[in-house]
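For reference, the structure discussed in these notes is given below.
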Amino acid sequence: MQLQKITHITGTIKLLTGLHIGGGDAALEIGGLDQPIIKHPLTGEPYIPGSSLKGKMRSLLEVKYNKLKGDGGPCDCGKCIVCCLFGFSGAEKSKTKIGPTRILVRDAYMTEKWKNEFRNGDLPMEIKYENVINRIKGTAENPRPLERVPAGVEFDFNISVRLFDLDGQNKNNILTAIKQAMALLELDALGGCGSRGCGQIKFCNVRIDEEEVKYEHLQEALKADVPVGLQSENGD
Ligand SMILES: [Zn+2]
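Counting in the working numbering, the sequence shown runs from 710 upward without gaps.
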């Protein structure tokens, strides 16, 4: 199997609503926020971990292609478009000819403009108070502060796609499935508290190897038919 091409999908992610991607155990610090967001350990700047983006894209495609396992775990069939794109673990690995994970999603950092705002102290993070309603008494209890990156902030994203000789006719399917995952993400939400309105995003200025992808094309990709079970050209 030979690597033929690495395709780069780039652009910006614009927050339409506040984004909360949890940052772990800062709550243990004295006076720390209950629900802080993840920040770069050196600069303190908020960012979107590639693993968050990739994980969400994967689970949305799994739902679309009915590949979510009964226990909610990621698909590990080793034969489908999701396993091809995002990789899989398990015993099937040695038996499949699907090849290595195709997609690499890098951490998305704020665009220069927003980095400057942040460094100048003009971009405070937003604190949203979430009331927990006691359904029996009908009263609000224990407001929990939720930290969010405010709406409007933009991040540069970068997705690399490795295409192999064995992909043959599947190259278009692979790229279409990635566009579908991006379109589904726009219809869903990134990070936590999506059901309460957080994490609505829009992909802007999308380019595939420098070629502009018209905005409508992302959503149009959802109408395309991608065969769920991928067969490599020299596969079974
Ligand atoms: Zn699979």
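Even for Gly, the Cβ is constructed at its ideal location relative to N, Cα and C.
| query | result |
| --- | --- |
| Three-pair Cβ contact test at 8 Å for the stretch 857-867 versus the stretch 715-730 | yes |
| CB-CB length for residue 910 against residue 899, believed under 8 Å | 5 Å |
| Spatially closest choice to residue 747 from 816, 713 and 872, by CA coordinates | 816 |
| Segment contact flag, the stretch 847-856 with the stretch 880-900, C-beta cutoff 8 Å, min 3 pairs | no |
| Where residue 713 falls: helix, strand or coil (DSSP) | strand |
| Contact the stretch 881-889 vs the stretch 921-934: 3+ CB pairs below 8 Å | yes |
| The stretch 788-800 / the stretch 829-848 touching (three or more Cβ pairs under 8 Å) | no |
| Short Cβ contact (8 Å threshold) for residue 893 with residue 769 | yes |
| Spatially closest choice to residue 754 from 811, 876, 874 and 730, by CA coordinates | 730 |
| Beta-bridge partners of residue 744, as assigned by DSSP | 855 |
| Contained beta strand (DSSP E) runs [length at least 3] in the stretch 746-821, N- to C-terminal order | 812-814 and 817-819 |
| Same chain only: Cβ atoms within 7 Å of residue 874, ignoring 5 sequence neighbours per side | 710, 711 and 713 |
| Heavy atom of ligand 1 within 7 Å of residue 846 beta-carbon | no |
| Alpha-carbon spacing of residue 834 relative to residue 913, whole angstroms | 22 Å |
| Buried/exposed call for residue 905, threshold 16 Cβ in 10 Å | exposed |
| heavy atom of ligand 1 below 7 Å from residue 763 C-beta | no |
| Under 8 Å between C-beta atoms of residue 809 and residue 871 | yes |
| Per-residue burial, residue 849 [other beta carbons within 10 Å of its own, 16 or more giving buried] | exposed |
| Start-to-end residues for the beta strand (DSSP E) that takes in residue 949 | Limits of the chain in this structure are 710 at one end and 945 at the other, which puts residue 949 out of reach. |
| Residue(s) in a DSSP beta bridge with residue 837 | 855 |
| Cβ-heavy atom distance, residue 787 to ligand 1, below 7 Å | yes |
| CA-to-CA distance, residue 777 to residue 895, given in whole angstroms | 20 Å |
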